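Notes follow once the structure below has been shown.
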Amino acid sequence: MADARQTETHGFQTEVKQLLHLMIHSLYSNKEIFLRELVSNASDAADKLRFNALSNSELLSSDTELYVRVSANKEAGTLTISDNGIGMTRDEAITHLGTIAKSGTADFFSRLSGDQVKDSHLIGQFGVGFYSAFIVAETVTVRSRAAGSEAHEAVEWSSQGEGEFTIRDIEKSNRGTDIILTLRDDAKEFLDEWRLRSIITKYSDHLSIPVQMPKRGDDEQLEGWEAVNSGQALWTRDKSEITDDEYKEFYKTIAHDFEDPLLWSHNKVEGTSEYTSLLYIPKRAPWDLWNRDQQNGIKLYVKRVFIMDDAKQLMPSYLRFVRGLMDSADLPLNVSREILQDNKITRSMRTGSTKRVLSMLKKLAKDDPETYQTFWDTFGTVLKEGPAEDHANQETILSLLRFASTHEDTPVAKVSLDDYVARMPEKQEKIYYIVADSYEAARDNPALEILRKKGIEVLLLSERIDEWLMSHVIDYKDKAFQSVTRGDLDLGELADAEDKEQQEKVEEAFKDHLKRFESALGEQVKLVRVTHRLTDSPACIVTDENDMSTQMAKLMEAAGQKVPETKYIFEINPGHTLVQRVVAVNDEQRFAEWAQILLDQATLAERGSLKDPAKFVARVNKLMLELTADATA
């Protein structure tokens with residue numbers, strides 16, 4: 001009796017449909033990359049089998065010579081890429097070939113515009129992999145048998161890349177996967193063996209698995225198979241022998257990217273721990289950069305044997321945009337993720353690779369600020385995670401951060417902490433900053449007024465991560481960080497004796513009015529005091545030094561955390577005309593209305609919102625009507 005599961009038709013995941021559409025319609029000018037992708041995947045399948053066979057030698061059986069084979073059939077119009085690697089079960093074929101099993105894909109595809117050039121860049125960020133076959137094929141057929149399974153347990157997957165795929169059980173005599181492409185009429189060039197050889201040599205020469213093509217005699221008859229690639233892993237060669245073009249092509253192969261990398265570092269470490277690293281920084285952010293659980297881009301090899309392709313233990317999370325590989329001479333071949341988690345060799349490799357990347361970035365920032373700015377615009381927000389995660393390298397990471405500031409009339413973050421410190425007046429002891437919802441909100445916050453008057457630069461921070469960042473740093477080169485909206489603003493020696501004497505006089509003269517404000521506002525505020533930071537605005541609110549800041553509260557609320565209500569310190573500017581007129585109001589009820597208006601205005605400037613905006617509008621309208629009535633009486 002036939003197996004009811006033998007033949008089934010499935011619909012593609014929505015994201016796969018969109019990706020296939022882009023494959024077919026947006027990449028016609030760079031068709032040859034499909035072969036790079038499929039050969040790379042086949043090589044990975046062979047690598048994975050080699051690794052699994054270390055603990056289960058029966059997986060290899062008698063077929064121990066691993067390979068990737070590329071062959072064309074001009075009469076049938078088909079191109080076949082075969083390997084004798086790990087293979088797939090029926091369920092694996094459905095999962096791997098019918099879905100994109102990564103979180104965040106919906107957000108990624110929502111950014112696709114339909115513009116071919118932009119879309120091709122986005123595809124490069126996403127990594128095309130298997131689906132690139134549809135750039136040249138009208139039909140793709142995959143026949144696969146998992147290592148260790150029986151011949152009758154093989155599976156055939158087939159699709160025309162439209163809305164669905166068919167899967168059925170088949171017999172397959174050997175382990176591994178065959179991908180048969182029925183080429184489109186405009187892709188027949190890939191039936192030419194010399195064309196195929198040139199592409200393999202261009203993109204896949206470094207693969208340690210032999211990529212074979214038919215060897216033919218003078219009469220064009222098949223005499224066997226011969227390796228087309230050199231088979232020497234690029235990272236094992238001397239740096240002086242490797243061209244920039246070879247480095248770039250290798251990057252595109254391992255990162256599945258279309259663009260050249262921004263920069264790279266090839267380094268061999270000898271000593272207590274011996275390993276080789278080849279690390280790249282991309283030009284563009286991968287589509288899932290903001291997913292901290294994404295697969296990292298570092299492949300691990302041991303003595304040139306592939307072990308795993310997302311070795312998170314080798315690179316900290318804040319450098320998750322780095323691509324490349326590390327090849328250890330010290331780790332055991334049967335190393336597992338659990339062993340990697342707490343292994344002194346791994347820790348040494350992680351420390352070394354981290355310092356290598358930071359050194360690359362530091363050199364780029366010094367030698368080519370313009371290119372570094374491009375890097376920062378792309379990856380800067382992720383790098384801001386570093387000071388909290390990596391205390392050992394905190395000062396180096398801080399030196400790489402860039403900020404908007406009152407020194408620059410632009411929202412572009414391009415001021416380094418070294419720039420800031422170099423411009424500090426002789427008596428300035430702190431690095432002043434403000435965190436707000438937007439650049440404009442930070443720039444125009446009333447709390448900056450006294451600092452502007454004295455010519456003191458303030459860093460303007462407006463990204464969601466900024467408050468979290470500043471909560472984990474204390475100082476930079478012995479200069480303490482000071483928020484201009486927290487606590488009592490201490491200008492140190494920048495505040496001269498005359499200023500301090502004048503402030504004391506104002507506070508003494510205004511103390512009775514402060515009591516009126518406290519009585520009018522009651523439990524809404526923690527304290528009412530005379531401000532030292534305002535020159536042009538009537539009032540502001542600030543957070544007590546020991547309370548949660550406004551931006552931190554917003555960050556936690558956005559993460560679904562319950563946040564205790566913060567009571568602000570309400571600061572009044574006695575020299576402001578509006579304040580002088582308010583305190584001159586004798587009717588306590590009307591005074592309370594004006595006090596509430598001042599508090600609401602200050603809250604809007606700091607928080608960007610009010611709990612009850614309708615009440616605020618009603619109160620303003622009421623006072624406006626009263627003023628209008630007074631004026632027309």
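Everything in the sequence shown is counted per full-length UniProt numbering, starting at 1 for the first residue and increasing by one. Every residue, glycine too, gets a C-beta built ideally from N, C-alpha and C. Just so you know, these numbers come straight off a predicted model, no measurement behind them.
List the endpoints of the continuous alpha helix (DSSP H) containing P369.
For the purposes of this step, residue 369 is identified with residue 369 of the sequence shown, where counting begins at 1. Here the alpha helix (DSSP H) through P369 covers 369-383.
Whose C-beta lies closer than 6 Å to the C-beta of G386 among residues of the same chain, with five residues either side of it excluded?
The count along the sequence shown starts at 1 and reaches residue 386 at position 386. Answer for G386: Y318, I397, listed in chain order.
Which of the three DSSP states is assigned to I465 in this structure?
In the sequence shown, counting from the first residue as 1, residue 465 sits at position 465. Coil, per DSSP.
How about L401 and K427: are their beta carbons less than 8 Å apart?
Walking along the sequence shown from the start, residue 401 turns up at place 401. Walking along the sequence shown from the start, residue 427 turns up at place 427. For L401 and K427, no; Cβs fall outside 8 Å.
Under 7 Å Cβ to Cβ from E535, same chain only, skipping five residues before and after it: list those, please.
In the sequence shown, the residue the question calls residue 535 occupies position 535. The amino acid at residue 535 is misidentified as Glu; the sequence shows Thr. Closer than 7 Å at the Cβ level, and outside the excluded window around T535, lie E449, I450, K453.
Straight-line gap, T9 to E75 (C-alpha atoms, nearest Å)
Numbered from 1 along the sequence shown, position 9 holds the residue referred to as residue 9. Numbered from 1 along the sequence shown, position 75 holds the residue referred to as residue 75. Answer to the nearest angstrom: the Cα atoms are 29 Å apart.
First and last residue of the alpha helix (DSSP H) that includes V583?
Walking along the sequence shown from the start, residue 583 turns up at place 583. Segment 577-583, the alpha helix (DSSP H) holding V583.
Using only the alpha-carbon positions, how far apart do T182 and E32 sit?
Locating residue 182 in the sequence shown gives position 182, counting from the first residue. Locating residue 32 in the sequence shown gives position 32, counting from the first residue. Each residue's Cα considered, the two are about 15 Å apart.
I'd like the list of long-range same chain contacts for Q341, defined as Cβ closer than 7 Å, with 5 residues on each side in sequence excluded.
Looking up residue 341 in the sequence shown gives position 341. Closer than 7 Å at the Cβ level, and outside the excluded window around Q341, lie Q313.
Whose CA, out of Q561, S609, L35, lies closest to the CA of A133?
Numbered from its first residue, the sequence shown carries residue 133 at position 133. Of the listed residues, the one whose Cα sits closest to A133 is L35.
For W264, count neighbouring C-beta atoms within 10 Å of its own C-beta (all shown protein chains included) and say buried if the count is 16 or more, exposed if not.
Numbered from its first residue, the sequence shown carries residue 264 at position 264. Buried: at least 16 other Cβ atoms inside 10 Å.
At the level of alpha carbons, what is the spacing between S416 and Y372?
The sequence position of residue 416 within the sequence shown is 416, counting from 1. The sequence position of residue 372 within the sequence shown is 372, counting from 1. If I take the Cα positions, the gap works out to 12 Å.
According to DSSP, is E164 part of a helix, a strand, or is it coil?
Numbered from 1 along the sequence shown, position 164 holds the residue referred to as residue 164. Three-state DSSP puts E164 in a strand.
Enumerated in chain order, which unbroken segments of the beta strand (DSSP E) with a length of 3 residues or greater are wholly contained in the stretch 426-511?
430-435, 459-461, 479-483
Does DSSP put Q6 in a helix, a strand or coil?
Stepping through the sequence shown from its first residue, residue 6 is reached at position 6. Coil at Q6, not helix or strand.
Across which residues does DSSP place residue 634 in a beta bridge pair?
With the chain running from 1 to 633 in the structure shown, residue 634 is simply not present.
Cβ neighbours of M556 in the same chain (closer than 7 Å, five flanking residues each side left out)
The residue given as residue 556 occupies position 556 in the sequence shown. Only V563 meet the Cβ criterion.
So I209 packs on A46, CB below 8 Å; how close in whole Å?
For the purposes of this step, residue 209 is taken as the residue at position 209 of the sequence shown. For the purposes of this step, residue 46 is taken as the residue at position 46 of the sequence shown. Indeed, because the Cβ distance is near 5 Å, the residues count as touching under 8 Å.
Where do the ends of the beta strand (DSSP E) carrying V39 lie?
Here the question's residue 39 lines up with position 39 in the sequence shown. It is not in any beta strand (DSSP E) - V39 instead sits in the alpha helix (DSSP H) that spans 33-52.
Is Y67 helix, strand or coil when you go by DSSP?
Residue 67 sits at position 67 when you count from the first residue of the sequence shown. In this structure, Y67 counts as coil in the three-state DSSP scheme.
Secondary structure of S82, DSSP reduced to three states
In the sequence shown, the residue the question calls residue 82 occupies position 82. In the structure shown, S82 sits in a strand (DSSP, three-state: E or B).
Below 8 Å between beta carbons: does that hold for K248 and D260?
Walking along the sequence shown from the start, residue 248 turns up at place 248. Walking along the sequence shown from the start, residue 260 turns up at place 260. It is a contact, given that the beta carbons lie within the stated cut-off.
In the DSSP assignment, find the unbroken alpha helix (DSSP H) run with G386 in it and report its ends.
Within the sequence shown, residue 386 is the residue found at index 386, counting from 1. Note, G386: alpha helix (DSSP H), 386-389.
Return the bridge partner residues of residue 686 from the DSSP annotation.
This structure gives no information on residue 686, because the portion of the chain shown stretches from 1 to 633.
DSSP puts W225 in a beta bridge; with which residues?
On the sequence shown, position 225 is the one that residue 225 refers to. DSSP, once it has assigned bridges, lists P214 as partnering W225.
To the nearest angstrom, how far is it from the Cα of G522 to the Cα of N546?
In the sequence shown, the residue the question calls residue 522 occupies position 522. In the sequence shown, the residue the question calls residue 546 occupies position 546. Computed Cα separation, rounded: 21 Å.
Name the two residues that bound the continuous alpha helix (DSSP H) containing F258.
On the sequence shown, residue 258 is found 258 positions in, with the first residue counted as 1. F258 -> no alpha helix (DSSP H), and no H or E assigned at all.
Which residues mark the beginning and the end of the alpha helix (DSSP H) in which I179 is found?
Taking the sequence shown and counting its residues from 1, the one referred to as residue 179 is at position 179. Not the alpha helix (DSSP H): I179 falls in the beta strand (DSSP E), residues 176-183.
Have a look at D475 and S519 and give me their C-alpha separation to the nearest angstrom.
Stepping through the sequence shown from its first residue, residue 475 is reached at position 475. Stepping through the sequence shown from its first residue, residue 519 is reached at position 519. About 39 Å.
Range of the contiguous alpha helix (DSSP H) that encloses F570
To locate residue 570, count along the sequence shown from 1; it is residue 570. Where F570 is concerned, there is no enclosing alpha helix (DSSP H), although the beta strand (DSSP E) it sits in stretches over 568-572.
According to the neighbour-count rule (16 or more other Cβ atoms, all chains shown, within 10 Å of its Cβ), is A255 buried or exposed?
For this step, residue 255 is matched to residue 255 along the sequence shown. By the neighbour-count rule (16 or more Cβ atoms within 10 Å), A255 is buried.
Look up R529 in the DSSP assignment and say whether it is helix, strand or coil.
Mapped onto the sequence shown, residue 529 falls at position 529. Residue state, collapsed to three classes: strand.
Alpha carbon to alpha carbon, what distance is there between I465 and E565?
Sequence index remark: in the sequence shown, residue 565 carries index 565 (1-based). Sequence index remark: in the sequence shown, residue 465 carries index 465 (1-based). Approximately 21 Å, taken between the alpha carbons.
Roughly how far, in whole angstroms, is the beta-carbon of E457 from the beta-carbon of T374, given that I think they are within contact range, below 8 Å?
If you number the sequence shown from 1, residue 457 lands on position 457. If you number the sequence shown from 1, residue 374 lands on position 374. Actually they are not in contact, since the Cβ atoms of E457 and T374 sit about 24 Å apart, beyond 8 Å.
Alpha-carbon to alpha-carbon, A146 and N52
The sequence position of residue 52 within the sequence shown is 52, counting from 1. The sequence position of residue 146 within the sequence shown is 146, counting from 1. Rounded to the nearest angstrom, the two C-alpha atoms are 12 Å apart.
Can you tell me where the alpha helix (DSSP H) with T550 in it begins and where it stops?
Position 550 of the sequence shown holds residue 550. Per DSSP, T550 belongs to the alpha helix (DSSP H) from 550-558.
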